[in-house]
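Those letters in the sequence shown? Residues 1131 to 1305, by our numbering.
Ideal Cβ placement from N, Cα and C applies to all residues, glycine included.
Before any comments, here is the structure.
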Amino acid sequence: MLFSIRLGTIKLEGVIIVKKPCTLALIALLMLSSFAYSPCLADSDKNSEEQQIDSTKKNNEADKDDHLVVLWTSGDKEVAIKMVFMYVFNAKKYEWWKDITFIVWGPSSKLTADDPEIQEYIKNMLDEGIVIKACKACADLYGVSDTLASLGIEVKYMGTDLTDYIKSGTHLITF
1131 MLFSIRLGTI KLEGVIIVKK PCTLALIALL MLSSFAYSPC LADSDKNSEE QQIDSTKKNN
1191 EADKDDHLVV LWTSGDKEVA IKMVFMYVFN AKKYEWWKDI TFIVWGPSSK LTADDPEIQE
1251 YIKNMLDEGI VIKACKACAD LYGVSDTLAS LGIEVKYMGT DLTDYIKSGT HLITF
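See the structure below:
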């Protein structure tokens, strides 16, 4: 599948080989979620004080708008490596997002604890400056909390944090 995505001044192009229809659907969803809403410019008849207030408000919103939260729940290694990690790592490396918080939740916590290749990807994302957290309740269910913490992942109860991200309007994608 050929694709081309433009995010502001950044253009991403490539070829993805899709072996499963569900993977194609996930890729399409990711591509569609990559397009951000841009508010219209301020009306030209506003006075400079109103424009200054609008500018300050937009700057505050821009801070929130430049934070991505990725909720990774899948225990599917192929999806993790060929989609989730690829996007998250490159989004931080190429500054598509200023801040990225990556949340390991549910079956992904077991996959992370059990698979050395996944652990290497996690290490690379941490080295790139991505904040990685794991749901403690989920990790405890799989008996992997200590293993995740030893990888440098912050293991904590995440229900309140996730709710706060959603209520604040922070960009959130799930895999």
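Legend entry - Enclosing beta strand (DSSP E) for Lys1286 [first to last residue]: In the DSSP annotation of this structure, the continuous segment of the beta strand (DSSP E) that includes Lys1286 starts and ends at Glu1284 to Lys1286.
Inset, instruction - Look at the Cβ atom of Leu1201, then the Cβ atom of Leu1278, and state whether they are nearer than 8 Å. - result: no
Legend entry - Ile1260 and Ile1230 closer than 8 Å at C-beta: Yes, these two residues count as a Cβ contact at 8 Å.
Inset, instruction - Counting only the same chain and skipping the five closest in sequence on each side, list residues whose C-beta sits under 7 Å from that of Asn1254. - result: Phe1219
Inset, instruction - Using the Cα positions of Ile1233 and Asp1276, report the straight-line distance between them to the nearest angstrom. - result: 16 Å
Inset, instruction - Could you tell me which residues DSSP puts in a beta bridge with Lys1263? - result: Beta-bridge partners of Lys1263 (DSSP): Ile1233 and Glu1284.
Legend entry - Under the three-state DSSP convention, the category Val1214 falls into: helix
Legend entry - Run of the alpha helix (DSSP H) containing Thr1290, from where it starts to where it stops: In the DSSP annotation of this structure, the continuous segment of the alpha helix (DSSP H) that includes Thr1290 starts and ends at Gly1289 to Ser1298.
Inset, instruction - From the DSSP output, read off the bridge partner residues of Leu1271. - result: Under DSSP, Leu1271 takes part in no beta bridge, so it has no partner.
Legend entry - Close-in-space but distant-in-sequence residues of the same chain around Ser1239 (CB under 8 Å, 5 per side omitted): Ala1264, Cys1265, Cys1268, Ala1269, Tyr1272, Val1274 and Leu1278
Inset, instruction - Measure the Cβ-Cβ separation of Leu1241 and Lys1207 and say whether it is below 8 Å. - result: Yes. Within cutoff.
Legend entry - Boundaries (first-last residue) of the alpha helix (DSSP H) holding Asp1257: Pro1246 to Asp1257
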